[in-house]
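A.B. asks:
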Amino acid sequence: MLNWTEVQYDLADRVRQALELDDSMKELLEAALDGSNPQFTVEDGLLRKDHRLCVPSGGNLRAELMYEAHHTKYSIHPGSTKMYRDLKKLFWWPGLKKDVALYVAKCQTCALVKAECQKPGGFLKSLPIPEWKFDNISMDFVHGLPRSQKGNDAIWVIVDRLTKVSHFIPHRKDDPVEKLAKLYVDNIVRLHGVPRSIVSDRDGRFTSNDWRLVQQMLGTKLKFSTAFHPQTDGQTERVNRTMEDMLRMCVLDFGKHWEDHLYLVEFAYNNSYQASIQMAPFEALYGRKCRTPLSWLEAGEARLYKKQEVESATSLVRIIRERLLIAQDRQAKYYNAKHRNVEFAVGDWVYLKIKPLKGVSRIRRLKKLSPRYLGPFEVLERVGEAAYRLKLSVELSGLHDVFHISVLRKAVQEPSQVIAADQVPVEEGLTTKVKPISFEDFEVKRLRNKEIRMVKVRWDNCGREELSWEREQTMREEYPELFPSGTRFVYFCVVSVLNFGTKFS
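Each residue of the sequence shown is one higher than the last, beginning at 103 in our numbering.
(1) Flag this pair as yes or no: are the beta carbons of Gly161 and Gln210 separated by less than 8 Å?
(2) Closest to Val301 by C-alpha separation, out of Lys281, Val261, Arg573, Val244, would be which residue?
(3) So for Phe330, helix, strand or coil by DSSP?
(4) Could you pull out every unbroken alpha helix (DSSP H) segment of at least 4 residues lying fully inside the stretch 254-298, listed in chain order?
(5) Whole-angstrom Cβ separation of Leu364 and Phe270, contact assumed at under 8 Å?
(6) Would you kindly check if the distance between the Cβ of Tyr453 and the Cβ of Leu510 is under 8 Å?
(7) Counting pairs of beta carbons, one from the stretch 143-151 and one from the stretch 170-177, are three or more of them closer than 8 Å?
(8) Within a Cβ cutoff of 7 Å, which residues of the same chain sit near Lys493, ignoring the five residues on either side of it in sequence?
(9) Between Leu387, Gly253, Leu189, which has its C-alpha nearest Val358's C-alpha?
(10) Tell me the residue span of the beta strand (DSSP E) that contains Cys156.
(11) Between the stretch 290-299 and the stretch 275-282, do at least 3 Cβ pairs fall closer than 8 Å?
(12) Whose CA, out of Ala513, His172, Ser495, lies closest to the CA of Leu214?
(13) Just checking my contact of Val504 with Ala489 at CB under 8 Å: how many whole Å lie between their CB atoms?
(14) Applying the 10 Å Cβ sphere with the 16-neighbour rule, what's the burial state of Cys156?
(15) In the DSSP assignment, find the unbroken beta strand (DSSP E) run with Pro248 in it and report its ends.
(16) Looking at the unbroken alpha helix (DSSP H) that takes in Thr211, where does it start and where does it end?
(17) Given a threshold of 16 other Cβ atoms within 10 Å of its Cβ, counted over all protein chains shown, does Val287 qualify as buried or as exposed?
(18) Quick one: residues in its chain with C-beta nearer than 8 Å to the C-beta of Leu123, no 5 flanking neighbours on either side, listed in chain order?
(19) Just the Cα atoms here: how many angstroms apart are Arg298 and Met241?
(20) Could you tell me which of Pro383, Lys391, Leu149 sits nearest to Leu93, measuring between CA atoms?
(21) Mind checking who Trp571 pairs with in its DSSP beta bridge?
(22) Applying the 10 Å Cβ sphere with the 16-neighbour rule, what's the burial state of Lys547?
(23) Please report how far the alpha carbon of Thr394 lies from the alpha carbon of Ser268, in whole angstroms.
(24) When we look at the beta-carbon of Arg187 and count the other beta-carbons within 10 Å, is it buried (16 or more) or exposed?
(25) Could you tell me the distance, in whole angstroms, from the CA atom of Asp125 to the CA atom of Lys184?
(26) Can the beta-carbon of His273 be found closer than 8 Å to that of Leu264?
(27) Between the beta-carbon of Gln380 and the beta-carbon of Lys266, is there less than 8 Å?
(28) Check this for me: beta carbons of Pro538 and Arg555, under 8 Å apart or not?
(29) Just how far apart, CA to CA, sit Pro383 and Asp450?
(30) Looking only at C-alpha atoms, which of Lys151, Asn372, Tyr371 sits nearest to Trp194?
(31) Find out if the Cβ-Cβ distance for the pair Leu198, Ala171 is shorter than 8 Å.
(32) Does the distance from the CB of Ser250 to the CB of Trp360 come in under 8 Å?
(33) Could you spell out the range, first to last residue, of the beta strand (DSSP E) harbouring Ala489?
(34) Helix, strand or coil for Asn139 per DSSP?
(35) In angstroms, rounded to a whole number, what distance separates the CA positions of Glu583 and Met577?
(36) Among Val485, Pro248, Lys208, whose alpha-carbon lies nearest the alpha-carbon of Val448?
Written out as structure tokens, the structure reads:
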């Protein structure tokens, strides 16, 4: 004996009932019956347009169809374009495309999980150019270094925002504020006087009451970067990247003795050409570069500027400020071309982007499928030109509540639809592997007794800011398909700051 199972839907009956309550659909039905509108036909009591079922506005039918096309296990949250194309093959109603776009925009799960395909929000807001040397400085910390023989494992980077002169101060990561204050006075105040303002990120030591008290005693005004977007302190971060590259070379050569060579790294950086001021930082500070073995053959005193162009230190500062202004305008032009102007009003609701942790090698690294955004949160006030204060939940009370506009996304929904982040169903066992897709650059790092070939890797679904250097041998073993037979690369040899680079293949 066979069992016969027949699946029946009540959609047709519900559409017929709702059709009687929708005046606009009733008019189209009458036009189809009398033949005045050939686009519409009537089949078995159902109104159709080009063979697509016309769905009335009553009976919550449209919302149920959109839910079926978006939320069920057979759909799994498609985008508005895909969802619209799926629905329009079978159904029609006035404003279908607009309704689908609004429905997807209000979807909490999509807003928390899906990446934003638009340009990042917020134009570049540059800090004012300083008036004089070491009037305005920026600072940051570099952590994660191997502990030196003197016990230090971090570097305090302090940069003059006008001349770009930098000081690299070794210290311990857990040094108290009192120790940092002494280092600050010994290395900055002793040589350059008390700065008028300091730009830094929101490091706990900078924001502590003790550090504020030290700065108040010295008459300095602190300016903090916004949380999760240290764009305000981008200058020090760029110095950090350059310094870290130079330090890596020292670490390869000298290991735990990196601190003994830190003064050479500082000298090499300050005596090298900087594009923004079109001269070396020492040249901007002292009026000329410091001598090195390369300059011993110079005969007499070389003139760095024409007499009629620079007659005093004041004239030199004027030239530097003009060049910095040009560099700022150029940087803003390129930055703004890849960003869009976005503004929020007090009372708006926004999602907060979760930034992933950086600096971890991606070779055989598994990333949990966690949401990209949290929220939504209410906007309390606008802070400056490109930051907003949010009303955070109790769980996030430990975070600073001011965020840059680039990590915010407008929430198109009512506050009553807020779903806590821990309610988003994400299975713990689900993982994904980030794979390399191409190589952007190649180089060789030379140790004393061996050479290490490195490749700069571009990863799938990652931006250019997440490129990373990896060992070529490891990449060949893990991803041999990226190395066709016979492939050879031209490498640049990277050695200590005391040596010169060579090129070979």
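Where is the CB? At the ideal position from N, CA and C, for every residue including glycine.
C.D. replies: Working from what's here:
(1) Contact: no.
(2) Comparing Cα-Cα distances from Val301 to each of Lys281, Val261, Arg573, Val244, the minimum goes to Val261.
(3) Note that Phe330 scores 43 on pLDDT, short of 50, meaning its location in the model is unreliable; the coordinates nonetheless yield the value given after this. In the structure shown, Phe330 sits in coil (DSSP, three-state: anything other than H, G, I, E or B).
(4) Here the runs fully enclosed are 279-286.
(5) Sure, about 5 Å apart at Cβ, within 8 Å.
(6) A distance below 8 Å separates the beta carbons of Leu510 and Tyr453.
(7) Because the criterion of three Cβ pairs below 8 Å is not met, the stretch 143-151 and the stretch 170-177 do not touch.
(8) These residues qualify, in order along the chain: Phe479, Glu480, Leu482.
(9) In the sequence under discussion, the amino acid at residue 358 is Lys, which differs from the Val named in the question. Comparing Cα positions, the closest option is Gly253.
(10) First-last of the beta strand (DSSP E) with Cys156: 154-156.
(11) Remark: fewer than three beta-carbon pairs, one from each stretch, lie closer than 8 Å, so the stretch 290-299 and the stretch 275-282 are not flagged as touching.
(12) When only C-alpha atoms are compared, the closest one is Ala513.
(13) Going by Cβ atoms, the distance from Val504 to Ala489 rounds to 5 Å, so yes, they are a contact pair.
(14) The residue is buried, with at least 16 neighbouring Cβ atoms inside 10 Å.
(15) Run containing Pro248: none; DSSP gives neither H nor E here.
(16) Taken as a continuous stretch (DSSP letters only), the alpha helix (DSSP H) holding Thr211 covers 210-215.
(17) Its Cβ having fewer than 16 others within 10 Å, Val287 is exposed.
(18) Sequence-distant Cβ neighbours of Leu123 in its own chain, meaning closer than 8 Å and more than five residues away, are Pro158, Gly160, Gly161.
(19) Their Cα atoms are separated by approximately 14 Å.
(20) What is shown of the chain runs 103 to 607, which leaves residue 93 out entirely.
(21) Bridge partners of Trp571: Lys558.
(22) Buried is the label assigned to Lys547, since at least 16 other Cβ atoms lie within 10 Å of its Cβ.
(23) When rounded, the distance between both Cα atoms is 18 Å.
(24) When all chains shown are included, Arg187 counts as exposed.
(25) Asp125 and Lys184 have their C-alpha atoms some 30 Å from each other.
(26) Cβ atoms of His273 and Leu264: not closer than 8 Å.
(27) In this structure, Gln380 lies away from Lys266, with their beta-carbon atoms at least 8 Å apart.
(28) Contact flag unset, no.
(29) Cα to Cα, the separation comes out at about 45 Å.
(30) Among Lys151, Asn372, Tyr371, the Cα nearest to that of Trp194 belongs to Lys151.
(31) Taking 8 Å as the Cβ cut-off, Leu198 and Ala171 do not qualify as a contacting pair.
(32) In this structure, Trp360 lies closer than 8 Å to Ser250 by Cβ.
(33) For Ala489, the enclosing beta strand (DSSP E) covers residues 489-493.
(34) Residue state for Asn139 is assigned as coil, using DSSP reduced to three classes.
(35) Approximately 10 Å, taken between the alpha carbons.
(36) That would be Val485, whose Cα lies nearest to the Cα of Val448.
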